[in-house]
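Numbering (my numbering), first residue to last: 976 to 1088.
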Amino acid sequence: MRILLKEGANVKLCKNGREALDVIQMDLDNQGKHEYDFVLMDCQMPEMDGFEATREIRKVEKTHHVCIPIIALTVHTPGEETRRMLEAGMDDYLSKPLGKDRLLEAMGRLVGK
């Protein structure tokens, strides 16, 4: 989060996937739009993991005709988890620990689409 704040980003931090889903759904339901350039989604979270949260966010997006880029954050190496990320609807992934250059590169790829 410090990397993003130092770059001048507005950051909204959620405790788990359920909260992220609720925040995005509330914004879309109440305003019909969202203010997010992208979502950094941790794959391993309590209550609702990043995979399930992403699948649910994608369902909500379809009803509002929007698509927010989602970047998965994982401690695992590419492989089986990469397949799960893509199947869930995540657009890209980054392995932890997260470095500034890799994060900014991924953001640039997705926000520039």
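Just so it is clear, CB atoms sit at the ideal spot from N, CA and C, and this is done for glycine as well.
These numbers were taken from a predicted model, which means no experiment stands behind them.
To test your reading of the DSSP string, which unbroken beta strand (DSSP E) runs of 3 or more residues are found completely within the stretch 981 to 1037? 1014 to 1017
Suppose contacts are defined by Cβ-Cβ distances below 8 Å. Is VAL1035 in contact with LEU1003 by that definition? It is a contact, given that the beta carbons lie within the stated cut-off.
With a 10 Å radius around its C-beta and 16 neighbouring C-beta atoms as the bar for buried, classify LEU1015 as buried or exposed. buried
In whole angstroms, give me the CA-to-CA distance for PRO1072 and LEU1078. Between PRO1072 and LEU1078, the C-alpha separation is close to 11 Å.
For ILE1046, write down the residues that DSSP places opposite it in a beta bridge. LEU1015 and ASP1067
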